[in-house]
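Written below as structure tokens is the structure these notes are about.
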Amino acid sequence: MRIFLDLILKTKAVFLLIFAALAGCSAHPDDGRPSRAVLASQQAAFASEPHEVRIIDRSRFDRRFWPTDIKTPQHLPLGTILIDTKNKFLYLHRSDGTARRYGIAVGGTGHSWSGTAKVGRKAEWPAWYPTDDMRNLTPGLPRRISPGTHNPLGARALYLYRNSEDTLYRIHGTSEPWTIGTEASSGCIRMINEDVIDLYDQVPIGTTVIVK
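With numbering that gives the first Met the number 0, letter number 172 in the sequence shown gets 171, and the count goes up by one each step, no holes.
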């Protein structure tokens, strides 16, 4: 009788373990990662783009660098872009005392810059023309890289001008989203492609850009 009871208890324990394992597989606990359905929906939003916009798994990034609406850190005119290079944030100021904040990558050591500029030109899926200095540092780098998924400027670019002259600095997308939150560029401001598309649609030519 005792052996029979032990067998029942062991069988019940095994059943409970199997049930728990199956429940764990079907429950999909919320770990912050988007589901396949969500990713497919986000991808569909960019179906009209001439090149693929690769949707980023935001759960791989520090939440500080996720796009979010916050109380404006500094009172500036509507539409002004403020770039905080120290904390790796770009703010688009709104009229209600709030700002849209995005995570960015900024210039590495010796390549950072600051000051005030204007958006003098905008481009969708721009070609990239490396500067002479870049090509000197990277032998074999082409003079022109065509638009597309692997282009370093990504899906959009805002060209920054001072006194009607191109500063050669840009706010642009990136083919290296893992650099967001770091000092990785040659002075330009990098954004995730999804984010720079969102920003691009809200920013007209002539917008003031303050870099600190």
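Even glycine gets a Cβ: it sits at the ideal position worked out from N, Cα and C.
Model, not experiment: these values are computed from the prediction.
Alpha carbon of L167 to alpha carbon of A44, nearest angstrom = The C-alpha of A44 is placed about 31 Å away from the C-alpha of L167.
Per DSSP, which one or two residues make a beta bridge with G180?
-> Paired residues: none, contrary to the question.
Go through the segment 64-102 residue by residue and report every complete run of the beta strand (DSSP E) that reaches 3 residues or more, in order.
-> 67-70, 80-83, 88-92 and 97-102
Which class does R53 belong to by DSSP, given the choice of helix, strand or coil?
-> coil
Mapping DSSP to helix, strand and coil, what is Y168?
-> strand
Once you ignore the five residues that flank G205 on each side, which residues in its own chain have a CB closer than 7 Å to its CB?
-> K117 and V118
Exposed or buried, M133, counting other C-beta atoms within 10 Å across all chains shown (16 or more means buried)?
-> exposed
Would you list the one or two residues that DSSP bridges to T115?
-> I209
Is the Cβ-Cβ distance between I191 and I179 less than 8 Å?
-> Contact: yes.
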